[in-house]
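J.: For the working numbering, count along the sequence shown from 1 and bump the result up by 144.
Here it is, the structure, as structure tokens.
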Amino acid sequence: MSQSTVRDFAEKTGVPLDRLLMQLREAGLSTDDPDAEFSEPEKTTLLEHIRQTHGQREEGEVGTPSQITLKRRSHSQLKVPAGGGEKRAARGSRAATGKTVNVEVRKKRTYVKRSVVEAEAAEQDAQVLERALLADIKAAEAARHEAEEKARQEAEARAAREAEAAEASSAAEAPAEEAPSAESEAAASEEATSIADLEAEQQKADSEAARKKEIEDEKERKRLEAEAKREREAEERAARKAARGKGKARKKAAGGGRRGGAAGVASSAIQQEFEKPTAPVVRDVQVPESITVGELAQRMSVKAADLIKEMMKQGVMATINQAIDQDTAVLLVEELGHRPHIVREDDLEEEVLSQATEPTGTEAPRPPVVTIMGHVDHGKTTLLDYIRRAKVAAGEAGGITQHIGAYKVPTDRGELTFLDTPGHEAFTAMRARGAQVTDVVILVVAADDGVMPQTEEAVKHARAAGVPIVVAVNKMDREDADPDRVKNELAAMEVIPEEWGGDTQFIDCSALNGTGVEALLEAVALQAELLELKAVVDCPGAGIVVESSLDRGRGPVATVLVQNGVLRQGDTILSGTEFGRVRALLDERGERVKSAGPSTPAVVLGLSGLPEAGDEVLVVEDEKKARELADHRREKSRDKRLQAQKAAKMDELFSHIQEQDVKTVNLVIKGDVQGSVEALTQSLTNLSTDEVRITPVATGVGAINESDVNLAMASEALLIGFNVRADAKARRLAQDNDVELHYYSIIYDAIDQLRNAISGMLEPETQEQIIGTAEVRDVFRSSQLGQIAGCLVVDGVVRRSNPIRVLRDNVVVFEGELESLRRFKDDVKEVQSGTECGIGVRNYNDVRAGDQIECYERITIERSL
């Protein structure tokens, strides 16, 4: 065991160095050098001395008072005036003197002898030294015992080796004399082996015992050191508490009062002790892509003001609620001495979306998804009506489809999933969504109408999505049907029929009487077989939102087309910024089903809100993960909206000043389904002009409520309900506040009416129309009228009340009005073509022969979009 010095021992035990040297001198050890070696015998001598002298100081000072307590009493009188007002005056002088109260103040102060305090401290140090010396002596004995045991084992091993060497040499010298028999040699070898095994076991047991004793001694030493440390800390706390008590007592003696003194003692009693950290605290700080200054300061456990000050040093000005980017946050965390950990907020989204982008599992054939597209009123829904054997077209407002309908139809060639898209020009986005989720497009073209704008748009959507087209030439029962015209017009768009060498099937049919429908279904089935459509069945369900709406009794409702996996009742799903658990699944007939497989449309109930049409639907195992991802997407969407509302720059400010004269029409639009609201909002916004701007303040799905009316009142907006109505409270509020409320069920009615309203807001246009021209033949001067031009009206008519222009060489030299118009000596109101007249021009005396006088009128024309 390595030796230590007196200084090292004092630092280890916490006993003051001078007191330890004094103890050594009292024990008879002449050690004045604190850096001298402190050997084991000296420790033993010091331990015996401490044990002998322990408690003698108290015995030697018996009878001597260790503390003195002084008590002081003071008496005084306090006069308390008697109350009573008029009664006191009535009692006379005796009542006016009041009452006298005797007050006794007692004070007590205790003085402790300094030697007693020092003796107690010395006694505590002696106890600490005793325990430390005892631990060191025990540790030294254990080390010595271990060294002796090790030396004994080495000596025994050396002796055994020497004996073996001696036996080997003696056997080599006399082999004939000491040649034992085979049995004796075997017995000797077994006996030697057993002795060696016993010796090895004994050595192992001895070493194990020594190791255990060493561990126990080490534990005892650590325990003694911990007890000594706790005692020192208790002494320090007691000393600090006594010092605070003395300070409070001095304040009380100086005039603090009884109440203040009691409060001070109570506060000092309940005050906790804190120790300042010896080293700076380094934290692991999670830094996302965007974080506010206040949140970053909270994660680092620093004050926001200190963090803002550090940012100002780096040249960044920010408030406590301002968001900063990830790079800036990382620099701030490193500057303040912490460890930044970059967090990518898209990790969770990538983890969830990976199962949808690359589904793994067993693939199985699935029904094709067929989308019916074409121009409005070309018979798309009627064709689907014949296939479904249901009257769908009769239920559509105005006979047109205004939202995507998804239906699964059993046919002789298997099940087919049909999507019926709107044909009106306003539903461009809905047709694009229909083309993106489909496998085959049926392009319906009326044989009597030919290719129309929405037909061309449907072809573009199908090509952009890479979907094959089957052309259904409808209305072949009409007398003016011309299928060749349809083929020629589509061939001009590079949609070539098969009989012309192309790859597109053209089927002539009639949706009313069903002619050619079977051939159309056969063509679709053939096209689907060529595609070899498959889907993964044993994977988490995934699909796309075709349409969404808000039902009063059922809440948010979404029509979902399943693409992979199986969607079951009870699954946790995520769609855009919404999540939820599937409470119920309904098929296209409104009947409840337990599950929906690939290429199956289903109405889903149970989402937290309305998802956007076109959002992906994913089945997530962990509901907490779905909630976190939905909140993250919602927060991201909100941040994007906030970033779009930036402060106006100089060019934006200039354009805003220029746009102050632009009239604005605010709209609050509510509809039955998400797709219709989207199409109506886009169509109405497209009506904006340079003079009138259409601004949708808010859009939503569901009935019109009080919040919508209040928003329309605040923003002075028109309230439009598309296939929805206002409830009783909303109607009453709208009537009381004169809020315009308009209901529509057909989209082009809403567009036409708003177009007419905007046309009325346009400034009328003023046009000039020339009504006559007169040629100046000669100029005369009159004393009364001044200069008179003798003219011949060569075209139209010249009227006195209309403005004129004077032209010289076809250049306007003057604009004004007539002073006089005469025919011979008579004043006339107008002069017809081919007639001579005299014209006096007001405020112009430079008319020359050969000039032309042009007479015109201003016409105001109402403008329209």
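Ideal Cβ placement from N, Cα and C applies to all residues, glycine included.
1) Going by DSSP, name the residue or residues bridged to V431.
2) Give the DSSP-derived three-state secondary structure of N246 in the structure shown.
3) Here's the rule: buried if 16 or more other CB atoms are within 10 angstroms of the residue's CB, otherwise exposed. What is N867?
4) S445: buried (16+ other C-beta within 10 angstroms of its C-beta) or exposed?
5) I need the straight-line Cα distance from L273 to K356, nearest angstrom please.
6) Exposed or buried, L619, counting other C-beta atoms within 10 Å across all chains shown (16 or more means buried)?
7) Please go through the stretch 711–744 and give each complete beta strand (DSSP E) segment of 3 or more residues, from N-terminal end onward.
8) What separation, rounded to the nearest whole angstrom, lies between the Cα atoms of V425 and R483?
9) Going by other Cβ atoms of all chains shown within 10 Å of its Cβ, with 16 needed for buried, is E691 buried or exposed?
10) Under 8 Å: do the stretch 727–739 and the stretch 665–673 share three or more Cβ pairs, one atom per stretch?
11) Would A994 and V937 be called neighbours here (beta carbons separated by less than 8 Å)?
12) Classify Y1000 as helix, strand or coil using the three-state DSSP reduction.
13) Starting from F924, trace the beta strand (DSSP E) both ways and give me its first and last residue.
14) Under the three-state reduction of DSSP, which class applies to G610: helix, strand or coil?
15) If the criterion is Cβ atoms closer than 8 Å, does the pair A606 and C653 meet it?
16) Taking 8 Å as the threshold (C-beta atoms), are Q707 and G687 in contact?
17) Would A874 pass as a contact of E850 if the rule is Cβ separation under 8 Å?
18) Following the continuous alpha helix (DSSP H) through L634, name the residue where it begins and the one where it ends.
19) When DSSP labels each residue in this structure, what does T197 get in the three-state scheme?
20) Please work out which residues of its chain come closer than 8 Å, Cβ to Cβ, to M456, disregarding the five sequence neighbours upstream and downstream, and give them in chain order.
21) By DSSP, does K251 sit in helix, in strand, or in coil?
22) If you measure between the beta carbons of C843 and T808, is that distance less than 8 Å?
23) Use the C-beta contact count for I486: other C-beta atoms within 10 angstroms, 16 or more gives buried, fewer gives exposed.
24) By DSSP, does G438 sit in helix, in strand, or in coil?
25) With burial defined as no fewer than 16 other Cβ atoms inside 10 Å of the residue's Cβ, what is the status of A413: buried or exposed?
26) Under a Cβ-count criterion, where at least 16 other Cβ atoms within 10 Å of its own Cβ denotes burial, should A323 be classed as buried or exposed?
27) Considering only residues of the same chain and omitting the five flanking positions on each side of V460, which have a CB-CB separation below 8 Å?
28) Under three-state DSSP, which class holds D953?
29) Would E470 and E433 be called neighbours here (beta carbons separated by less than 8 Å)?
30) Would you mind listing the beta strand (DSSP E) stretches within the stretch 865–906 that are 3+ residues and don't spill past its ends, in chain order?
31) For L711 and V584, what's the separation of their Cα atoms in angstroms?
32) Can you pull the DSSP bridge partners for D652?
33) Could you tell me the boundaries of the beta strand (DSSP E) in which V845 lies?
34) Should H219 go down as buried or exposed, given a rule of 16 or more other Cβ atoms within 10 Å for buried?
35) Give me the residue from D521, I1005 and S945 with the minimum Cα distance to Q911.
36) Going along the chain, which residues of its own chain have a beta-carbon closer than 8 Å to the beta-carbon of A506, five neighbours each way excluded?
T.: So, from the data block:
1) I486
2) strand
3) buried
4) exposed
5) 26 Å
6) The question names Leu, but residue 619 is Lys in the sequence shown. The residue in question, K619, is buried, as its Cβ has 16 or more Cβ neighbours within 10 Å.
7) 716–719 and 722–730
8) Going from the Cα of V425 to the Cα of R483 covers about 11 Å.
9) buried
10) By the Cβ test, the stretch 727–739 is not in contact with the stretch 665–673, since fewer than three Cβ pairs between them sit closer than 8 Å.
11) Strictly speaking, residue 994 in this sequence is Gly, with Ala absent from that position. Against a cut-off of 8 Å, the Cβ pair of V937 and G994 comes out as no contact.
12) Residue state, collapsed to three classes: strand.
13) E909 to S926
14) coil
15) Cβ atoms of A606 and C653: not closer than 8 Å.
16) yes
17) yes
18) From DSSP, the alpha helix (DSSP H) with L634 extends over P627 to A636.
19) helix
20) Around M456: no qualifying Cβ.
21) strand
22) The residue you asked about is not Cys; residue 843 is Thr in the sequence shown. Contact flag unset, no.
23) exposed
24) helix
25) Bear in mind that a pLDDT of 44 at A413, under 50, signals an unreliable position, so the model cannot answer this.
26) The predicted position of A323 is uncertain, since its pLDDT is 42 and thus under 50; a value taken from the coordinates is nonetheless stated next. With fewer than 16 Cβ atoms within 10 Å of its Cβ, A323 is classed as exposed.
27) I468 and T472
28) coil
29) Sequence check: residue 470 is Gln here, not Glu. Going by C-beta atoms, Q470 is nearer than 8 Å to E433.
30) Runs of the beta strand (DSSP E) inside the stretch 865–906: 885–888.
31) L711 and V584 have their C-alpha atoms roughly 23 Å apart.
32) In DSSP, D652 forms a bridge with V617.
33) V836 to V845
34) exposed
35) I1005
36) Reading off the sequence, residue 506 comes out as Thr, not Ala. V680, V681 and D682.
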